[in-house]
Amino acid sequence: MAKAERPLSPHLQVYRWYLTMGLSIGHRVSGIGLALGLVLLTWWLLALASGPDAFAFVESVKDSVLGTLVLFLYTFVILYHLCNGIRHLVWDFGYGLDPEVAFRSGQAVLIASGGLTLLLWLIIALFG
Numbered sequence: 038m039a040k041a042e043r044p045l046s047p048h049l050q051v052y053r054w055y056l057t058m059g060l061s062i063g064h065r066v067s068g069i070g071l072a073l074g075l076v077l078l079t080w081w082l083l084a085l086a087s088g089p090d091a092f093a094f095v096e097s098v099k100d101s102v103l104g105t106l107v108l109f110l111y112t113f114v115i116l117y118h119l120c121n122g123i124r125h126l127v128w129d130f131g132y133g134l135d136p137e138v139a140f141r142s143g144q145a146v147l148i149a150s151g152g153l154t155l156l157l158w159l160i161i162a163l164f165g
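Taking this note's numbering, the leading residue of the sequence shown gets 38, the next gets one more, and so forth.
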């Protein structure tokens, strides 16, 4: 029985990494992060419905350094997923598919999501 000479599928180590590849993986990971964040929201809502003691505990966790860091990162995840989703929507209309434009729009996604996160937290710190 002769063995078929078929090409092997290349693995990720074979490809040269591009920003757009990383952002695509990041978009999927951020989607998972958004789903995990719903667990935290559910915990907060259940504590709110359970009474003042349970709610005070969740608020103390939220106001801790670790809780603040988690909320900050979650804010970035939300805004990254939003900005990259808008980028994908533009691609769906057939615009921005040129490699150079795709690279620049990827940079814009990172800058916009980081900048919007910082802006939102600055507004919260000043007025919240």
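Glycine included, each C-beta is placed from N, C-alpha and C at the ideal position. Note that the structure is a prediction, hence the values are computed from the model and not measured.
First through last residue of the alpha helix (DSSP H) which encompasses residue i
i, result
"residue 65", "56-87"
"residue 142", "136-164"
"residue 133", "Element bounds for residue 133: n/a, residue is neither H nor E."
"residue 129", "102-129"
Residue i burial status per 10 Å Cβ neighbour count (16 or more: buried)
i, result
"residue 141", "exposed"
"residue 76", "exposed"
"residue 51", "exposed"
"residue 146", "buried"
"residue 154", "buried"
"residue 84", "buried"
"residue 165", "exposed"
"residue 131", "exposed"
Selection from the options that minimises the alpha carbon distance to residue i
i, options, result
"residue 59", "162, 139 and 160", "139"
"residue 57", "158, 160, 155 and 135", "135"
"residue 98", "110, 80 and 86", "80"
"residue 108", "163, 70, 54 and 55", "70"
"residue 74", "87, 165, 133 and 110", "110"
Query raised in the report: Are the segment 144-153 and the segment 105-118 touching by the rule of at least three beta carbon pairs closer than 8 Å?
Result: Yes, since at least three Cβ pairs between the segment 144-153 and the segment 105-118 fall closer than 8 Å, the two stretches touch.
Query - Inter-stretch contact at 8 Å, needing at least 3 Cβ pairs: the segment 117-128 / the segment 59-70 - result: As far as the Cβ criterion goes, the segment 117-128 touches the segment 59-70, which means the pair count is three or higher.
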